[in-house]
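Enquirer:
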Amino acid sequence: MARTEKGATQDTVRRHNLGTLLGHVHRHGPTSRARLTRLLGLNRATIGYLVDDLAARGLVTEMPETEQAPRGRPSKVVAVRGDLHQALAVHVGVDAVELALVGLGGTLLARRRSAFSRPGDRSVEHVVRTISRLATRVLAENTGALVGVGVAVPGTVSPDGEMVNFAPNLRWRQVPLARLLQEELGVGAAVRVGNDANLGAVAEHSRGVGIQVNDLIYLHAEVGVGAGIITGGRMLEGAGGYAGEVGHMQLNPGGLACHCGSRGCWETEVGEDALVRRVGLPPGGRSKVDLVLRRAREGDRVCREAVEETARWLSVGLVNMLSALDPEMVILGGVFEQILDICPETLANRVVQTSRYFHPDGVALVRPAFGHSSVLLGAAELGLKTVLEDPASVSPMAELRPLDLRRPSAPGTQSAPLRRRREKPEPQPVRELSPRSDRLAVGLKDPGALIH
Ligand SMILES: [Zn+2]
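In this note's numbering, the protein residues as written are 1 to 452.
1) Are the CB atoms of E269 and G317 nearer to each other than 9 Å?
2) Would you kindly check if the distance between the Cβ of S132 and the Cβ of L185 is under 9 Å?
3) When we look at the beta-carbon of V246 and count the other beta-carbons within 10 Å, is it buried (16 or more) or exposed?
4) Would E204 and S374 be called neighbours here (beta carbons separated by less than 9 Å)?
5) With 16 as the cutoff for other CB atoms within 10 Å, does G443 come out buried or exposed?
6) Starting from I342, trace the alpha helix (DSSP H) in both directions and tell me its first and last residue.
7) Roughly how far, in whole angstroms, is the beta-carbon of R27 from the beta-carbon of A392, given that I think they are within contact range, below 8 Å?
8) For V175, which residues in the same chain have their Cβ closer than 6 Å to its Cβ, ignoring the five residues on either side in sequence?
9) Could you check if P427 is buried or exposed, using at least 16 other CB atoms within 10 Å of its CB as the buried criterion?
10) Any idea what DSSP makes of C265, helix, strand or coil?
11) Taking the straight line between their C-alpha atoms, what separation do you get for T9 and D53?
12) Give a single yes or no on whether S262 has its beta carbon closer than 8 Å to a heavy atom of ligand 2.
13) With M321 as the anchor, note down where its alpha helix (DSSP H) starts and where it stops.
14) Roughly how far, in whole angstroms, is the beta-carbon of V153 from the beta-carbon of A167, given that I think they are within contact range, below 8 Å?
15) So, V187 versus V149, is the Cβ gap smaller than 9 Å?
16) Check the DSSP bridge columns for H91 and list the partner residues they point to.
17) Cutting at 8 Å between CB atoms, please list the residues of its own chain near P159, excluding the five before and the five after it.
18) Pair every Cβ in the stretch 263 to 278 with every Cβ in the stretch 248 to 255, then say whether three or more of these pairs are closer than 8 Å.
19) Nearer than 8 Å: is that true of the beta carbon of G317 relative to any heavy atom of ligand 1?
20) Can we count T268 as close to ligand 1, meaning its CB is less than 8 Å from some heavy atom?
21) Work out the CA separation of E328 and A364 for me, nearest whole Å.
22) Helix, strand or coil for N169 per DSSP?
23) Should the stretch 293 to 311 be called in touch with the stretch 319 to 334, which here means at least 3 C-beta pairs below 8 Å?
24) Does DSSP put R14 in a helix, in a strand, or in coil?
25) Pull up the CB-CB distance for V335 and L59, whole angstroms please, since I reckon it's below 8 Å.
26) Please confirm whether R192 has its beta-carbon closer than 9 Å to some beta-carbon of chain C.
27) Taking A110 as the reference, give the member of Q353, V102, V147 with the closest Cα.
28) Starting from the C-beta of G82, find all residues in its chain whose C-beta is less than 6 Å away, skip the five residues before and the five after it, and write them out in chain order.
29) Out of C260, G261, A311, which has the shortest C-alpha to C-alpha gap to R278?
30) Got a sec? Which residues, its chain only, sit under 7 Å from A189 by beta carbon, not counting five neighbours each side?
31) Taking the alpha carbon of G224 as the reference point, which residue from R367, V77, N195, G271 has its own alpha carbon closest?
32) Beta strand (DSSP E) containing Y218: first to last residue?
33) Just to confirm, is the Cβ distance from R304 to I339 under 9 Å?
34) Which residue from L314, A348, R367, D95 puts its Cα closest to that of S287?
35) Could you tell me the distance, in whole angstroms, from the CA atom of M397 to the CA atom of V151?
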């Protein structure tokens with residue numbers, strides 16, 4: 001009995017250590033064995049066993065360190081392999097479905113987009129078929145094993161990631177999207193669904209501009225507006241998973257009537273449709289939004305004023321959120337990123353005044369590191385969740401059949417349990433999942449705080 005318990009404990013420790021090591025190199029990029037030894041608080045031999053185990057499963061590779069260490073032997077550098085185990089990442093928007101095949105480390109292997117051209121294109125049936133069509137194409141063009149599927153939707157999602165409870169701009173209610181996709185795709189790998197703004201927050205907090213910032217808000221705006229709120233290093237979910245649904249908080253009591261029954265919501269004052277309405281165009285369609293933003297940049301007076309007016313209302317909403325949540329950083333995604341680009345002072349003036357009332361340093365108001373890919377990269381994290389949390393769930397490479405894209409990863413064989421020297425939490429942000437995509441990253445684009 002004692003032996004069984006000891007064996008189980010050693011196996012649990014080994015799996016935990018494998019996940020910690022893989023998670024670090026996934027989030028932070030290539031890292032030397034010497035540095036991993038220091039960061040994880042394990043001895044060199046244990047790090048060696050763990051790296052060898054992950055390499056045998058095709059999850060990491062090693063390369064010589066480019067520069068000689070100041071003292072002692074050069075340490076090999078451990079990096080993820082992005083080519084063998086991949087997740088399908090899907091972003092269901094109001095205008096289009098976007099899909100990417102993403103490997104460990106945020107390696108972007110393929111990307112496809114299908115725009116909606118008719119109102120019926122937003123139906124559950126059409127979206128599921130579109131995802132399947134795009135997925136079939138990218139899987140056929142790439143080799144590797146599919147380890148999971150992550151889907152971002154503009155709506156509220158059940159805590160287990162199975163059900164879209166309500167996505168008003170798609171007109172979806174109680175849609176069992178994970179199950180429908182599992183059946184349509186015919187994959188054994190897990191399908192998980194998440195809220196778009198929450199996933200944007202996960203991506204930016206874990207590996208983007210908000211890395212090591214434990215109190216941040218990621219605001220995402222398309223037609224709808226949502227917020228992913230990380231407080232104390234953890235995603236704020238709320239009792240029913242609806243926290244961050246700011247789109248129908250009232251900004252302007254005298255504003256336009258909203259489909260929610262209220263008036264002057266974030267969505268009617270600062271969403272994409274509001275921007276387009278302010279230049280006198282009927283709302284609807286990405287091309288109109290892009291036109292207004294382009295003309296505003298070119299100096300067109302009407303378009304510029306429409307963006308300024310939208311920024312003024314956005315600053316009202318931001319001030320309210322700052323007072324309620326006290327974030328260190330606010331990341332503006334979707335159309336908000338472009339509004340910040342065009343008129344930073346309009347946003348900053350009001351926000352800085354309020355934030356400095358409480359803190360001398362104010363709040364950082366920044367663009368997302370991953371640009372318009374934040375949500376998609378957050379969805380990739382959902383898809384990679386199983387392998388990141390338990391790398392031993394992936395079989396050693398000898399057992400993988402090449403080109404078998406649709407085969408789910410089988411439980412791996414157990415190698416000798418590793419002895420833990422001492423347990424020490426990895427000094428990293430709390431969120432376990434986080435992509436670092438050098439190939440996808442738009443770059444920080446001057447992420448320095450606008451307000452300090
Ligand atoms: Zn509303």
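A virtual CB, placed ideally from N, CA and C, is assigned to each residue, including glycine.
Expert: Quick answer:
1) For the purposes of this step, residue 269 is identified with residue 269 of the sequence shown, where counting begins at 1. For the purposes of this step, residue 317 is identified with residue 317 of the sequence shown, where counting begins at 1. Cβ distance < 9 Å, so E269 and G317 count as in contact.
2) By one-based count along the sequence shown, residue 185 stands at place 185. By one-based count along the sequence shown, residue 132 stands at place 132. Yes, Cβ-Cβ distance for L185 and S132 is below 9 Å.
3) Here residue 246 refers to the residue found at position 246 of the sequence shown. Classification of V246: buried, given that the 10 Å Cβ count is 16 or more.
4) Locating residue 204 in the sequence shown gives position 204, where the first residue counts as 1. Locating residue 374 in the sequence shown gives position 374, where the first residue counts as 1. Yes, Cβ-Cβ distance for E204 and S374 is below 9 Å.
5) To locate residue 443, count along the sequence shown from 1; it is residue 443. For G443, the pLDDT reaches just 25, beneath the cut-off of 50, and the residue's location in the model is therefore unreliable, although a value from the coordinates is still provided. G443 should be labelled exposed.
6) As a first step, residue 342 is located in the sequence shown; it is residue number 342 there, counting from the start. Where I342 is concerned, the enclosing alpha helix (DSSP H) stretches over 335 to 342.
7) For the purposes of this step, residue 27 is taken as residue 27 along the sequence shown, with counting starting at 1. For the purposes of this step, residue 392 is taken as residue 392 along the sequence shown, with counting starting at 1. At roughly 19 Å, the Cβ-Cβ gap does not stay under 8 Å, so R27 and A392 are not in contact.
8) As a first step, residue 175 is located in the sequence shown; it is residue number 175 there, counting from the start. Same-chain partners within the cutoff: V124, V164.
9) Counting from 1 along the sequence shown, the entry for residue 427 is found at position 427. Because P427 sits at a pLDDT of 35, beneath the cut-off of 50, its placement in the model cannot be relied upon, and the point is left open.
10) The residue labelled residue 265 in the question sits at position 265 within the sequence shown. The answer is strand: DSSP assigns C265 an E or B state.
11) Counting from one through the sequence shown, the residue named residue 9 turns up at place 9. Counting from one through the sequence shown, the residue named residue 53 turns up at place 53. Looking at the two C-alpha atoms, the distance is approximately 18 Å.
12) This structure lacks ligand 2; the ligands present are ligand 1.
13) The residue you call residue 321 lines up with position 321 of the sequence shown. Segment 301 to 325, the alpha helix (DSSP H) holding M321.
14) Position 153 of the sequence shown, counting from 1, holds the residue named residue 153. Position 167 of the sequence shown, counting from 1, holds the residue named residue 167. 6 Å between Cβ atoms; contact.
15) Numbered from 1 along the sequence shown, position 187 holds the residue referred to as residue 187. Numbered from 1 along the sequence shown, position 149 holds the residue referred to as residue 149. Their beta carbons are under 9 Å apart, which means V187 touches V149 by this criterion.
16) By 1-based counting over the sequence shown, the position of residue 91 is 91. The partner list for H91 (beta bridge, DSSP) reads E98, A152.
17) Sequence index remark: in the sequence shown, residue 159 carries index 159 (1-based). Only E237, G241 meet the Cβ criterion.
18) yes
19) As a first step, residue 317 must be located in the sequence shown, where it is residue number 317. Flag unset: Cβ of G317 not near ligand 1.
20) Here the question's residue 268 lines up with position 268 in the sequence shown. Checking the Cβ of T268 against ligand 1 gives yes.
21) Here the question's residue 364 lines up with position 364 in the sequence shown. Here the question's residue 328 lines up with position 328 in the sequence shown. Rounded to the nearest angstrom, the two C-alpha atoms are 6 Å apart.
22) Along the sequence shown, one-based indexing puts residue 169 at 169. Of the three classes helix, strand and coil, the one that applies to N169 here is coil, per DSSP.
23) no
24) Mapped onto the sequence shown, residue 14 falls at position 14. Correct three-state label for R14: helix.
25) For the purposes of this step, residue 335 is taken as the residue at position 335 of the sequence shown. For the purposes of this step, residue 59 is taken as the residue at position 59 of the sequence shown. So it is not a contact: roughly 37 Å between Cβ atoms.
26) No chain C appears in the structure shown, which is made up of a single protein chain.
27) On the sequence shown, residue 110 is found 110 positions in, with the first residue counted as 1. Among Q353, V102, V147, the Cα nearest to that of A110 is on V102.
28) In the sequence shown, the residue the question calls residue 82 occupies position 82. The answer, listed in chain order, is G103, L104, G105, T107.
29) On the sequence shown, position 278 is the one that residue 278 refers to. When only C-alpha atoms are compared, the closest one is A311.
30) Position 189 of the sequence shown holds residue 189. Closer than 7 Å at Cβ, skipping near neighbours: L146, V147, G148, V149, P408.
31) By 1-based counting over the sequence shown, the position of residue 224 is 224. The candidate whose alpha carbon is nearest that of G224 is G271.
32) As a working mapping, residue 218 is identified with position 218 in the sequence shown. Element bounds for Y218: 216 to 221.
33) In the sequence shown, counting from the first residue as 1, residue 304 sits at position 304. In the sequence shown, counting from the first residue as 1, residue 339 sits at position 339. No, these two residues do not count as a Cβ contact at 9 Å.
34) The count along the sequence shown starts at 1 and reaches residue 287 at position 287. That would be D95, whose Cα lies nearest to the Cα of S287.
35) As a working note, residue 397 is residue 397 in the sequence shown. As a working note, residue 151 is residue 151 in the sequence shown. C-alpha separation (whole angstroms): 27 Å.
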